[in-house]
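For reference, the structure discussed in these notes is given below.
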Amino acid sequence: MKNINYDHIKTTVAQPLPNLDSYWPYHVIQDIFEGSWSQTSINKHINLAEWQTYLEDLPRDIYVDTRWKRMSWLYLDQAGEINTLDDCPMAQGGSYNDADTMADKLRYYPALETSFLQRDDVQSFIKAWADLWDINPKEPILMQINGIKGNQAIDPLQGQGIHQDGSQFLSILVLSRENVTGGENTLYEDKAGQRQITHATLAPGEIMHIRDNEVFHNISSVQPLDNDTPFERFIIIINCRFNDAFQNKILRQHFPDVVLNQG
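Taking the working numbering, the leading residue of the sequence shown gets 80, the next gets one more, and so forth.
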């Protein structure tokens with residue numbers, strides 16, 4: 080077992096838990112209750128231009144071609160402060176990930192930069208997100224910054240197709256979308272894609288919330304509008320309360336004290 084390292088991520092000023100009603104519009108809570116998903120913008124709560132500067136140093140994903148990625152495991156303590164869980168890999172079982180490069184493998188990525196996690200608007204976002212889903216203290220939250228860039232058409236999912244991520248709560252926040260056509264998010268009631276729920280193209284600063292155990296999602300291929308200019312699309316993915324037994328096993332091995340979903 081690896082050494083346990085619980086690091087408290089402090090902001091320059093103590094940040095109280097954001098008020099749910101002031102961060103998320105009322106329709107978000109209503110949408111999720113009625114249909115298991117919602118879409119909104121958080122541009123007024125974050126400095127998107129400054130968040131985008133953290134895309135410049137993203138390392139290449141060694142498991143997926145043409146993708147760049149950082150990720151960290153986080154949790155809220157009893158005081159509502161954000162802590163990191165270091166060294167635990169991402170681990171998706173084959174029942175949740177069909178891609179050969181990712182399924183049933185331990186995937187290690189560089190952590191999110193501490194200066195990013197220390198930002199007041201990042202702290203507020205994580206706390207408001209946890210409040211939205213009623214996340215308990217010491218429940219592991221996986222937060223990723225990832226994306227694609229290049230000069231030709233790319234499948235962001237590398238063949239994964241319509242899927243669930245193996246958690247109960249999932250949100251996708253677009254950080255940048257430059258010289259891009261495609262990259263459209265579609266939600267379905269079924270993995271076969273016979274019963275479509277919605278189809279949307281998220282702009283930078285827009286976020287889609289999904290009950291991942293009730294809704295399937297997909298994203299279309301991405302290609303440049305202008306073939307002579309590089310394109311990019313980067314996102315934040317944040318999810319919690321994992322149903323994936325493989326991921327929960329790895330989390331328990333690394334961090335015996337975390338609160339895991341037993342359902």
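C-beta: ideal position from N, C-alpha, C; glycine also.
- Nearest neighbour of Tyr142 by Cα position, chosen from Asp269, Met169, Leu304, turns out to be Met169.
- In the DSSP assignment, Ile241 falls outside any beta strand (DSSP E), carrying neither H nor E.
- The stretch 244-261 and the stretch 298-318 touch, with no fewer than 3 CB-CB distances between them shorter than 8 Å.
- Considering only Val253, Asn318, Gln202, the residue with the shortest C-alpha distance to Ala128 is Val253.
- DSSP links Pro168 through a beta bridge to no other residue.
- Around the C-beta of His333, 16 or more other C-beta atoms lie within 10 Å, and the residue is accordingly described as buried.
- The C-beta of Val338 has fewer than 16 other C-beta atoms within 10 Å across all chains shown, which makes the residue exposed.
- Taking 3 residues as the shortest admissible run, the stretch 211-285 contains the following complete beta strand (DSSP E) segments, listed from N- to C-terminal end: 220-229, 246-257, 259-261, 264-267, 275-279.
- Non-local C-beta neighbours of Val201 in its own chain, meaning closer than 7 Å and more than five positions away in sequence, comprise Phe195, ordered along the chain.
- Two segments are said to touch when three or more pairs of C-beta atoms, one from each, lie closer than 8 Å; by this definition the stretch 317-328 touches the stretch 241-250.
- As computed with DSSP, Tyr187 is found in no beta bridge at all.
- Per DSSP, Trp103 lies in no beta strand (DSSP E) and is assigned neither H nor E.
- As computed with DSSP, Pro335 is found in no beta bridge at all.
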